[in-house]
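Each remark here refers to the structure printed beneath this line.
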Amino acid sequence: MAARAASFRRGFAFNPSPAVSRALALALAAFAIVYPLLLDPISGLLDDSVVALAYVIMGLGLNVVVGFAGLLDLGYVAFFAIGAFSVGWFMSTFYADANIHVLVSSNVHNLPGIHLNFLLVIVIAAVLCALAGMLIGLPTLRLRGDYIAIVTLAFGEIIRVFAVNGDSVHVFGNGYPLTNGRQGITPVDQLDLPFVKPFTQLDLRPWYWLVLTLVFIVLFVVIRLRDSRLGRAWVAVREDEVAAASMGVPLVKTKLLAYTVGGAIGGVAGAFLAAYLNTVNADQFAFSFSIFVLAMIILGGLGSIWGVVLGAIVLSFINNRLIPDVLNSVPGKLGLDFNLSDLGFGIFGFLLVIVMVLRPEGLLPERRRKLELTEGVGTDDALYEVRA
Amino acid sequence: MREFISKYGLIAVLLALPVFYGVKDLVDDGNLAHLGQNLFQGLSNGSIWALIAVGYTLVYGIIELINFAHGDVFMIGSFVAAGLFGTVGLGLATGVGGLVPGLLLVLVICMATCGALNVMIERVAYRPLRSAPKLAPLITAVGFSFILQNVGLLWVGGSPASVPDLIHAQQDVFTFLGITVQRADLLAIFVTIPLVVAATLFISRSRLGKAMRATAQDPDAARLMGISVDTTISLTFLLGGMLAGAAGLIYALYQTTVWYFQGFQAGLIAFTAAVMGGIGNLRGAVLGGLIIGCIQFISDDRIGPQWTPAIVFAYLVLIMVFRPQGLIGEETREAG
Amino acid sequence: MQFRTRAAIGCLLPALALGVTACGGSDNKSSTSGGGGSSSASGSVDVYSSLPLQGASKDQTGAMVQGIKLAVDQAGGKAGNVTVKYIPLDDSTAQAGNWDPQQTAANARKVAQDKKAVAYLGEFNSGASAISIPILNQVGIAQISPANTYVGLTTNEPGSEKGEPQKYQPSGKKTYTRIVPRDTIQAQALITQTKTDGCTKVAIANDKETYGAGLGRLLEIKAKALGQTITSDTGIQKDAPNFRAYASKIKGEGADCFIFAGVTANGAVQIFKDVSAAIPSAKLYGPDGVCESGFTNPKKKGIPASIGAKFKCTVATLDLNSYPGGKKFIADFKAKYGNPHPDPYAIYGYEAMKLTLDTIKAAGSAGATRDGFLAQLFKTKDRHSVLGTYSIDANGDTTLTDYGLYKVGPDGDPTYESTIKASGS
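Chains as they are written, first to last, in the working numbering: chain A, 1 to 388; chain B, 1001 to 1336; chain C, 2001 to 2425.
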């Protein structure tokens, strides 16, 4: 088994020199920047690309918690929700009784409600999610392994229940419900950033460049963190908590920082998605979303930054493009009157199983950590070596 | 001090809801019948969760995998049951004489189907990944969960489907101290208890059960002792699947409605129950299932059904805070 | 490719097409035709539908697509001289198993891109329409929803939020219409019926969806206006295993009637069973969300006949046999799908497409353009349809006010009983 996995890896092994890999990265980045010019400004492919990049940010954030620090988080949707609600609360006509406008352009100046500039909102979202991350992290400090998974899952579900029922919760006073339930807060303000034209739903290129910028920033942050003292502390905690603590790694601080950073990144992605999708709807914040993001980072290669990027893009395109658009047109082309969307669930599940069985280490496993990962996140490492 | 908080804090948390509403009932009605009714219905409903939770905990105990497909195996179990009622000639008019053997036959088929399905899933989706990173099988489990849901969706469609109410589930049998006992309650309790007892005995007494426990403790040592680890793991999945199949039949008879999405919700609850009790621990899973059943009924009745999931999960978080190893968690390896 | 298939169907079914043309002609006798009315226009247009085809609501949306396809086939894929190509889109994803905001917006953009697109039938969920309306509004494509009943999409009546419906109309023009009456009307009809049946205390459960929760709120408002006592309006958890605690709670409140404001997919069968077991004498009511054979027919895994006997529901469809094209619709539906009892969703889907085809035809040479179609759509007046006779008002709402009361017939399917006048909203 191990030998087979090794040969797989060898098959994909690619060890370019630093100069070559830097050139490659630059070429990729350059392509990513000019890519939307090759497409129609409202094409479906561009739309799917924007969402895929937003998922890349989500995945990078979750990867900090699960991949770096080894804390299995099954409630990541909580940060999507809080980030999105920051947009719903501060960038729409939802609180129509209030009349607050900060740094917004004239087209929303006359609308009632709270309207802040998106750049402010994204900071608020990050801060709120960082706090929420810490709050969710606190009860898990004494826990290990899958107990953390269930507590984070519980928080995710609690937040979902509040999102659904929040229309009857008036914590900020009458006329200020917490959420708008399943009706959703729609529409939210169109983005209006300094130096560029206001964004519209009919030209997706600015959205694409905005999310690409965010991806670059988050990538930079995540790579710097990974290579920092904190990043090494995370890996140490992941590998062996007791040993890490005895070497002087502050466990509480290290773990809480992982939740905080992961949460803040999730909040940024959540705020962007809410603005892009033009809605904050309770139905979006289901447990299946947490699993979807987790699947992206495991599929890509847990802990590996480039793996996560690839995994997020691949899964997002399978879900948003391959199944609904590409596969769905196949029966029609073959002249069959058969609706493939009946099998959408099954195809999605089947692809997850196939890819995982063929590439158990993920699409782009991080070489340096492959060994450690094989031995698992928890304390017990014997289990999966049964057949080794 | 910490031990004290852990022990009594936990008890305080668990008793908070029933005691609060018990006092309220005494003030309002002068007796505890209302609360008693909530708790009794909660127990009977919770026994279904208990059966599913045992399957979760068995699998977790032996390969440390959160088997997300387990709830959907249970769902397939109730679909098989619902589909078989007509086939074996059970209808609303069937008397007790025909009902008992008929249902036993359906029970056997359900258990066999779900057991086989679970073994197949392990063989296809988990075994190839045994040397892979620990979280990889989690994703194949999610994958199978999607596949099984699609099967259910094609089988009965998107809306919940009604099942003939063979046992006249909501017919009152007797009333005791103001608590009404219905047929469904008796069924759930009288099928669950022997199954759980049998499973516990099998694991603690039989040779195969010992092999399972040995593999759970240390697979390498178990292999050295001549235990076939693969067979043992398959056996665990078989056992878990069979219990899920039984739960499927009881669910179909008890709720008289089946839905392709029921397994997701049930799986989430059962997983919570397993963790609450102390994952890897059979008695803990049963206890967790019963407690969740009671919380659900109290919350549905007093607080409002739309808040029930939040109440259950808030309970879970509190229990984890006070007792990270779960209610009966000393036997597990993960406990810290 | 698909286009050719449609054209082929059009050639293969000339008889059917002729029959419908005649029938369609009588439909539009009284509609004012402002677009010149000449039938010399030719060319081809695309009509899209956007519905969640995966997950829990797939049975209902499947029925809707059946209805839409029947309307296209009856017309032989043509409206006047204009060839109509129908393209069904899916606004749900496998991962969510539900309508998805991104997929909805993507559908709207896809249609916005299509130069030949004139009409967009959708969405199924009001929350989804809130996303697609502003996008389609900016490019001036007419939208006809066969299912949305949320008040705020078209009006600022009670039940809507501040800023509605203007916030969905960035261009300032109205592009959204719907053929089902908004919740206000149905709430009025249901409460009126409970008064007629002598209910004294009514318990309401809603499924927390936009449709169910909105209807629940309006039921309370209408009950107050009409002097009916509501004991409680409870939001339920749609995937709860059972509702026994809820049922014994409303029993304690002394409810003698029960209304479920929601759709079949959200636990309807279970909640009616549990309520009926707890209060055997309770009269049971439901809106069009449950007035379908999948809910009422025991053979299709719906509620048992014993509960069906106590159940009544409302649909915006009146007796189909009283409408000239109604008999033909039933016959054609049976011929195509083998089912003589089309569910409300199939009827709504059928009417949405029928209205589209008739509008293209009535607009004449302008019917193949977005502006011409839109203008003609809002001129729809006194249209005789499977839903009764209605006009589209300035808000884009249907003027239908009469609801059909349905009971469960001997074959288990909903059967027309009488008409409830719910005017005076």
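For each residue, glycine too, the CB sits at the ideal point set by N, CA and C.
(message) With a threshold of 8 Å on Cβ separation, who are the neighbours of PRO139/A within its own chain once the five nearest residues in sequence on each side are excluded?
(response) Here residue 139/A corresponds to residue number 139 of the first sequence, with the count starting at 1. Correct list, in chain order: VAL151.
Segment limits, beta strand (DSSP E) that includes ASP2090/C: Translated into positions along the third sequence, residue 2090/C becomes position 90. ASP2090/C -> beta strand (DSSP E) spans 2082-2090.
Handout entry: For ASN99/A, the first and last residue of its enclosing alpha helix (DSSP H)
Key = In the first sequence, the residue the question calls residue 99/A occupies position 99. Unbroken run through ASN99/A is the beta strand (DSSP E), 99-102; no alpha helix (DSSP H).
Can you round the beta-carbon distance between ALA1211/B and THR1192/B to whole angstroms, since I take them to be within the 8 Å contact cut? Within the second sequence, the letter at position 211 stands for residue 1211/B. Within the second sequence, the letter at position 192 stands for residue 1192/B. Not confirmed; about 26 Å, so no contact.
**Request:** On the DSSP bridge assignment, give the partners of ASN1281/B in chain order.
**Result:** The sequence position of residue 1281/B within the second sequence is 281, counting from 1. The partner list for ASN1281/B (beta bridge, DSSP) is empty, contrary to what the question assumes.
Assigned secondary structure, SER2281/C (DSSP; H/G/I helix, E/B strand, else coil): Position 281 of the third sequence, counted from the start, is the residue given in the question as residue 2281/C. Reduced to three states, the DSSP call for SER2281/C is coil.
> Sorted by chain position, which residues of the same chain lie with C-beta nearer than 6 Å to ALA1125/B's C-beta, five sequence neighbours on each side aside?
Replying inline: Position 125 of the second sequence, counting from 1, holds the residue named residue 1125/B. Within the same chain, ALA1125/B has close Cβ partners THR1140, PHE1144.
- [ ] From the DSSP output, read off the bridge partner residues of VAL1181/B.
- [x] On the second sequence, residue 1181/B is found 181 positions in, with the first residue counted as 1. For VAL1181/B, which the question treats as bridged, DSSP gives the partners PHE1174/B.
Compute the distance between the beta-carbons of VAL2065/C and SER2044/C, then report whether it is under 8 Å. Indexing the third sequence from 1 puts residue 2065/C at position 65. Indexing the third sequence from 1 puts residue 2044/C at position 44. No, Cβ-Cβ distance for VAL2065/C and SER2044/C is not below 8 Å.
Exercise for review: Report yes or no: do the region 1020-1032 of chain B and the region 1243-1254 of chain B share at least 3 C-beta pairs separated by less than 8 Å?
Suggested key: no
| query | According to DSSP, what are the bridge partners of ASN1038/B? | reply | For the purposes of this step, residue 1038/B is taken as the residue at position 38 of the second sequence. Per DSSP, none; premise fails for ASN1038/B.
| said: What would DSSP say about PHE389/A, mapped onto helix, strand or coil? | reply: Nothing in the structure corresponds to residue 389/A, since chain A is present only between 1 and 388.
Open item on the list: Using 8 Å as the cut-off, can you tell me whether the region 1099-1109 of chain B makes contact with the region 1267-1276 of chain B, which would need three or more C-beta pairs spanning the two stretches below that distance?
Closed with: Taking 8 Å as the limit for Cβ pairs, the verdict is that the region 1267-1276 of chain B does not touch the region 1099-1109 of chain B.
**Request:** With a cut-off of 8 Å on the beta carbons, I'd call LYS2201/C and THR2229/C a contact; round off their distance for me.
**Result:** On the third sequence, position 201 is the one that residue 2201/C refers to. On the third sequence, position 229 is the one that residue 2229/C refers to. Yes, LYS2201/C and THR2229/C are in contact; Cβ-Cβ is about 5 Å, under 8 Å.
For SER2026/C, name the three-state secondary structure that DSSP assigns.
For the purposes of this step, residue 2026/C is taken as residue 26 along the third sequence, with counting starting at 1. Residue placement at SER2026/C is poorly supported in this model, since its pLDDT is 35, which falls under 50; the coordinates are not used for a value here.
- Task: For ASN165/A, count neighbouring Cβ atoms within 10 angstroms of its own Cβ and tell me buried if that reaches 16, exposed if not.
- Result: In the first sequence, counting from the first residue as 1, residue 165/A sits at position 165. Classification for ASN165/A: buried.
Practice prompt. Label GLY2037/C either buried or exposed according to how many other C-beta atoms from any shown protein chain fall within 10 Å of its C-beta, with 16 as the threshold for buried.
Written response: The residue labelled residue 2037/C in the question sits at position 37 within the third sequence. In this prediction, GLY2037/C has a pLDDT of 36, which is less than 50 and means its spatial position is unreliable; nothing more can be read from the coordinates.
Which residues in chain A have a C-beta closer than 7 Å to the C-beta of GLN1149/B? List them in chain order.
Against the second sequence, residue 1149/B aligns to sequence position 149. By Cβ distance, chain A contributes PHE345.
Note to self: Using 8 Å as the cut-off, can you tell me whether the region 1254-1263 of chain B makes contact with the region 1067-1082 of chain B, which would need three or more C-beta pairs spanning the two stretches below that distance?
What the structure shows: The region 1254-1263 of chain B is in contact with the region 1067-1082 of chain B.
- Between the region 252-286 of chain A and chain B, which residues of the former have a C-beta closer than 9 Å to a C-beta of the latter? none
Which residues in the same chain as ILE1011/B place their Cβ atom closer than 6 Å to its Cβ, once the five residues preceding and following it in sequence are excluded? For this step, residue 1011/B is matched to residue 11 along the second sequence. None.
Query raised in the report: What is the DSSP secondary structure of CYS2291/C, counted as helix, strand or coil?
Result: Sequence index remark: in the third sequence, residue 2291/C carries index 291 (1-based). Three-state DSSP puts CYS2291/C in coil, outside helix and strand.
(request) Check THR2194/C in the structure and name its three-state DSSP category. (result) Counting from 1 along the third sequence, the entry for residue 2194/C is found at position 194. Helix at THR2194/C.
beta-carbon LEU225/A near the ligand SAM non-hydrogen atom, thresh 7 Å = Among the ligands in the structure shown, none appear at all, so the ligand SAM cannot be discussed.
Problem - Cβ-Cβ distance between GLY2388/C and ASP2411/C below 8 Å - result: The sequence position of residue 2388/C within the third sequence is 388, counting from 1. The sequence position of residue 2411/C within the third sequence is 411, counting from 1. In this structure, ASP2411/C does not lie closer than 8 Å to GLY2388/C by Cβ.
Next item on the list: Verify whether the separation of the beta carbon atoms of THR2231/C and GLY2214/C is less than 8 Å.
Entry: Counted from its first residue, the third sequence places residue 2231/C at position 231. Counted from its first residue, the third sequence places residue 2214/C at position 214. It is not a contact, given that the beta carbons lie outside the stated cut-off.
Exercise. In chain C, what lies closer than 8 Å to VAL1156/B by C-beta?
Worked result: Here residue 1156/B refers to the residue found at position 156 when the second sequence is read from its first residue. Correct list: LYS2301.
Legend entry - C-alpha distance - THR2317/C paired with GLY2404/C, whole-angstrom precision: Start at 1 with the first residue of the third sequence, and residue 2317/C comes out as number 317. Start at 1 with the first residue of the third sequence, and residue 2404/C comes out as number 404. The C-alpha of GLY2404/C is placed about 6 Å away from the C-alpha of THR2317/C.
>> Between ALA1161/B and chain A, is the shortest Cβ-Cβ distance under 8 Å, so that the two count as touching?
In response: As a first step, residue 1161/B is located in the second sequence; it is residue number 161 there, counting from the start. Taking Cβ atoms only, chain A never reaches closer than 8 Å to ALA1161/B, which makes this a no.
- THR260/A: first and last residue of the uninterrupted alpha helix (DSSP H) it sits in: Counting from 1 along the first sequence, the entry for residue 260/A is found at position 260. Counting along the chain, the alpha helix (DSSP H) containing THR260/A begins and ends at 251-277.
_Same chain, Cβ closer than 7 Å to LEU1992/C, five either side skipped, listed in chain order_ = Here chain C covers residues 2001 to 2425 and nothing more, so residue 1992/C does not appear.
- Item | Beta-carbon contacts of ILE1328/B that lie in its chain and below 8 Å, excluding the five residues immediately before and after | What you label residue 1328/B is simply residue 328 of the second sequence in a count that begins at 1. Same-chain partners within the cutoff: GLY1277, GLY1278, ASN1281, ARG1283, GLY1284, LEU1287.
Quiz item: So, is ASP2197/C buried or exposed, given that buried needs 16 or more other C-beta atoms within 10 angstroms?
Solution: Position 197 of the third sequence, counting from 1, holds the residue named residue 2197/C. The residue in question, ASP2197/C, is exposed, as its Cβ has fewer than 16 Cβ neighbours within 10 Å.
Output the residue ranges of the beta strand (DSSP E) runs that lie fully inside the region 2158-2245 of chain C and measure 3 residues or longer, sorted by chain position. Entirely contained in the region 2158-2245 of chain C, the beta strand (DSSP E) runs reaching 3 residues are, in chain order, 2176-2178, 2201-2206, 2229-2235.
Cβ neighbour criterion (16 or more within 10 Å) applied to ARG2426/C
The first residue shown for chain C is 2001 and the last is 2425, placing residue 2426/C beyond what the model contains.
Exercise. Determine, using beta carbons only, whether ALA2105/C and GLN183/A come nearer to each other than 8 Å.
Key: Mapped onto the third sequence, residue 2105/C falls at position 105. Mapped onto the first sequence, residue 183/A falls at position 183. Not in contact: ALA2105/C and GLN183/A (Cβ atoms no closer than 8 Å).
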